[in-house]
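**Q**
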Amino acid sequence: MFKQKPQINKDDILRALKSVNDPELHRSIVDLGMVGQIEEKDGKVKVTIKLTVPGCPLKHKIQEDVTAALSKIEGITEVDLEFSHMTPEERTALTGKMTGQAQSPLFDDAKVRHIIAVASGKGGVGKSTVTANLAYALKNAGHSVGIIDADIYGFSIPRMMGVRTLPTVIDETIIPAIKDGIKIISMGFFVEEDQAVIWRGPLLHKAIVQFLTQTFWDKLDYLLIDLPPGTGDVTLSISQTVKESQLLVVTTPQPAASNVAQRVGELARKANFRILGVVENMSYFIAPDGSYQYIFGSGGGQELADKLGCQLLCQIPLDTSIREAGDLGNPVTSLKANQSAKVFEMLAEKINKGLAEK
């Protein structure tokens, strides 16, 4: 008796392909309309995959996943993949599938639960360091997180997060870069690192609006916005675009820094931000003998919190491991068993608990 060859049909192939997700969009390639022609003959399967854009940087990943999925079907002996790219009409349809409708509002309860802008009165106080490490701390606690590097002139998040892949643009929709599950968008992805950005208010506003409303964030628990230092057009643009957001103010123990940060807090309050709390960075240095050295003085963070009527959420030590990790593109909260990460984990826990009670 000859064993009958298993029958392979198109439905079996589509069911297998439905388990394959686009590595950038995190949706099934079948649901996104990326599967084209399917042919099967004598155990040999040929499938056409329509990439979202020509020269897709993650084509190899899609190829591996599709081949692995189809190879599990009994009776398939050979998989031949052919790649093309979507037409403009197909990309428009894809955008509609991603958002659920042609003009889907970004900031609703079903998509982005909490928006936190991270601000400082002056540069050099560690605002971006706090943003990057807080993102990892929230992510490690099980939350979905995105970052907008809104510091158009002084962007540093791509380097600090060690992002190796660039965003993808499908028509007018930006697919953010992803590092360790954290979605990231920054002006640093669109200009050379050493290139100066010289833009006036209207162009700044347009860039910020695009980052907010034309980026496919999908569903997020937290969207962190790393603001430029001081009070300026970017902060106002965000307040005009986002209906409800929180503000986290970063300062140092120095009275001069906290006095400047107070102006940021007052402006934010007038612009309908809710002040979440104050983070004091570089609060102390732990000497080899275990003593605490307050190199930049003390009390600035608590004084600022009192003036703004909010909590001093945490005091971050002056620790070389925090700086070194950021320089290497691996924030300390992305590393296992790092003592300096604990303060950021406590900050994330306080923020999550505080927002849950609102």
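In terms of the working numbering, the sequence shown opens at residue 693 and continues consecutively. Idealized CB from N, CA, C, for every residue including glycine. These figures come from a predicted structure and were not determined experimentally.
Assuming Arg709 contacts Ile867 under a Cβ cut-off of 8 Å, what Cβ separation, rounded to an integer in Å, is found between them?
**A** The sequence given here places Leu at residue 709; Arg does not occur at that position. Their Cβ separation, rounded to whole angstroms, is 21 Å, which puts Leu709 and Ile867 out of contact at 8 Å.
**Q** For Thr823, which residues in the same chain have their Cβ closer than 6 Å to its Cβ, ignoring the five residues on either side in sequence?
**A** Counting only Cβ-Cβ distances below 6 Å, and skipping sequence neighbours, we find Val810, Leu916, Asp918.
**Q** Taking the alpha helix (DSSP H) that Arg653 falls in, what are its first and last residues?
**A** Because the chain here runs from 693 to 1050, residue 653 falls outside it and cannot be looked at.
**Q** So the candidates are Lys764, Gln729, Val737, Phe988; which of them puts its Cα closest to the Cα of Ser711?
**A** Closest option to Ser711, Cα to Cα, is Lys764.
**Q** Gly815 and Pro749: beta carbons closer than 8 Å?
**A** No. Outside cutoff.
**Q** How is the beta strand (DSSP E) around Ala809 delimited, first residue to last?
**A** Unbroken beta strand (DSSP E) run through Ala809: 804–812.
**Q** With contact counted as at least three CB pairs below 8 Å, one residue from each stretch, are the region 971–984 and the region 999–1015 in contact?
**A** Yes, they touch.
**Q** Going by Cα to Cα distance, which pick from Gly735, Glu756, Val745, Gly747 is closest to Glu692?
**A** Only positions 693 to 1050 of the chain appear in this structure, which leaves residue 692 out of reach.
**Q** Are Phe1006 and Val1035 touching if we call contact CB-CB under 8 Å?
**A** The sequence given here has Cys at residue 1006, not Phe. Against a cut-off of 8 Å, the Cβ pair of Val1035 and Cys1006 comes out as a contact.
**Q** Once DSSP output is grouped into helix, strand and coil, what is the label at Val837?
**A** Of the three classes helix, strand and coil, the one that applies to Val837 here is strand, per DSSP.
**Q** On the three-state DSSP scale, how would you describe Arg856?
**A** The answer is coil: DSSP assigns Arg856 none of H, G, I, E or B.
**Q** Can you tell me whether Glu936 is helix, strand or coil according to DSSP?
**A** Of the three classes helix, strand and coil, the one that applies to Glu936 here is coil, per DSSP.
**Q** Rounded to whole angstroms, what is the Cα-Cα separation between Gly838 and Arg961?
**A** C-alpha separation (whole angstroms): 24 Å.
**Q** So Gly982 packs on Gly854, CB below 8 Å; how close in whole Å?
**A** The Cβ separation is near 32 Å, so there is no contact.
**Q** Can we say the region 985–1000 touches the region 940–952, given the rule of at least three CB pairs closer than 8 Å?
**A** They touch, by the three-pair rule.
**Q** Near Gln1031, what residues of its chain come up, given a Cβ to Cβ distance below 7 Å and the 5 sequence neighbours on each side ignored?
**A** Cβ neighbours of Gln1031 beyond the five flanking positions: none.
**Q** Is Ala824 helix, strand or coil by DSSP?
**A** Here Ala824 sits in helix by DSSP.
**Q** With distance defined between alpha-carbon atoms, name the residue in Asn964, Lys911, Thr905, Ala949 nearest to Gln994.
**A** Minimum Cα distance to Gln994 is reached at Ala949.
**Q** Could you tell me which uninterrupted alpha helix (DSSP H) segments, each at least 4 residues in length, are contained entirely in the region 769–793, listed from first to last along the chain?
**A** Listed in chain order, they are 780–791.
**Q** Please work out which residues of its chain come closer than 8 Å, Cβ to Cβ, to Gln954, disregarding the five sequence neighbours upstream and downstream, and give them in chain order.
**A** Once the five neighbours on either side are set aside, the close Cβ partners of Gln954 are Gly813, Leu996, Lys999, Leu1000.
**Q** For Arg1015 and Glu972, I'd like the C-alpha separation in whole angstroms.
**A** Those two C-alpha atoms are separated by around 16 Å.
**Q** Could you round the C-beta distance between Ile705 and Leu762 to whole angstroms and report it? I think they count as a contact, below 8 Å.
**A** Confirmed, Cβ separation roughly 7 Å.
**Q** Looking at Ile862: is its Cβ nearer than 8 Å to the Cβ of Thr740?
**A** Cβ atoms of Ile862 and Thr740: not closer than 8 Å.
**Q** By alpha-carbon positions, which one of Ala827, Glu756, Gly818, Ile700 ends up nearest to Ala1040?
**A** Nearest C-alpha to Ala1040: Ala827.
**Q** How is Gln755 classed by DSSP in three states: helix, strand or coil?
**A** Helix at Gln755.
**Q** Going by Cα to Cα distance, which pick from Ala842, Ile700, Thr821, Asp872 is closest to Arg856?
**A** Out of Ala842, Ile700, Thr821, Asp872, Asp872 has the C-alpha closest to the C-alpha of Arg856.
**Q** Measuring CB to CB, does Leu939 end up less than 8 Å from Ile900?
**A** Cβ distance not < 8 Å, so Leu939 and Ile900 don't count as in contact.
**Q** Would you kindly work out how many angstroms separate the C-alpha atoms of Arg1110 and Arg719, rounded to a whole number?
**A** This structure cannot settle anything about residue 1110, because the visible part of the chain is limited to 693 through 1050.
**Q** Measuring straight from C-alpha to C-alpha, what distance separates His752 and Leu912?
**A** Answer to the nearest angstrom: the Cα atoms are 27 Å apart.
**Q** Looking at the unbroken beta strand (DSSP E) that takes in Gln1031, where does it start and where does it end?
**A** Gln1031 -> no beta strand (DSSP E), and no H or E assigned at all.
**Q** Should Pro850 go down as buried or exposed, given a rule of 16 or more other Cβ atoms within 10 Å for buried?
**A** When all chains shown are included, Pro850 counts as buried.
**Q** May I ask you to report which of helix, strand or coil DSSP gives Val861?
**A** Strand at Val861.
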